[in-house]
Amino acid sequence: MMQLNSLHNPYQHQSGATLAVALILLLVVTVLGISSVQTSLVEERMSGNLRDKHIAFEAAESALVSAEAALATLDDYPTPTTSGTNGFWTLGAPGANKWWNTNSLGWWTTNGQSASGNSLQHAAPVYILEERTFVQKGENLTIGTGEVTQGKYYYQVTARGQGGSADTRVHLRTTFIKRFD
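Numbers in this note's numbering are just positions in the sequence shown, counted from 1, shifted up by 55.
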């Protein structure tokens, strides 16, 4: 019988290099996979937050439209108060520095005027009407013994809209000019 030469046995000289290379490649692919999953999750959160912000913006916009419609239909001058009892506030009465941002949702719900919302919003949009100033320009009518002053009233409308969560809110502000004849 012929004896096998140990020098020609192909399995004796392998040192496991293929296994080491395969494990390193598997590790690299795993790290790349985990990284891409994390990136995907962050992007999903970002798009969700952006959607929430858009919902809040649209809610605040609808509150501004409601406030402007309410002002446009007024026939008689509403006297503003420091407590906003009739829906009209004197300028600065709702609070101090940046009150629209620091006042809580509860304050807005109690003191603001509601606009129509939808089921995507955490809370219905609300607005506050403040009288900024009266500007007398143009004509004055003399009737009988008294003079009726004519001019324009400037109202500051501040609206608050909520997104799908309590943490997402948008504040918008506009100025509306109204003349009472």
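Here a beta-carbon is modelled for each residue, glycine too, at the ideal position from N, C-alpha and C.
- In the displayed model, R215 falls within a strand according to three-state DSSP.
- In this structure, the alpha-carbon of L87 lies about 17 Å from that of V76.
- The C-beta separation of Y209 from S121 comes to about 19 Å, leaving the pair out of contact by the 8 Å criterion.
- Between R215 and W163, the CB-CB gap stays under 7 Å.
- In the structure shown, T223 adopts coil according to DSSP, grouped into three states.
- Taking each of R106, T188, E113 in turn and checking the Cα distance to Y132, the smallest one comes out for T188.
- Counting C-beta pairs with one atom in each stretch, the region 219–236 and the region 105–114 have three or more that are closer than 8 Å, which means they touch.
- Distance from the CA atom of H109 to the CA atom of G218, rounded to whole angstroms, is 7 Å.
- Taking the Cβ atoms as the reference, K233 lies roughly 15 Å from L146, outside the contact range of under 8 Å.
- In the displayed model, R234 falls within coil according to three-state DSSP, outside both helix and strand.
- For L184, the enclosing beta strand (DSSP E) covers residues 181–190.
- Beta-bridge partners assigned by DSSP to R228: T213.
- Counting along the chain, the unbroken alpha helix (DSSP H) around T94 starts and ends at 72–127.
- Straight across, the Cα-Cα distance linking V212 with T94 is about 41 Å.
- Per DSSP, T164 is one residue of the alpha helix (DSSP H) stretching across 160–166.
- In terms of Cα proximity to G167, the closest of V97, L119, A72 is L119.
- Secondary structure within the region 125–154: the beta strand (DSSP E) runs of 3 or more consecutive residues, fully enclosed, are 143–145 (chain order).
- Looking at the DSSP output, S169 sits in a beta bridge with V181.
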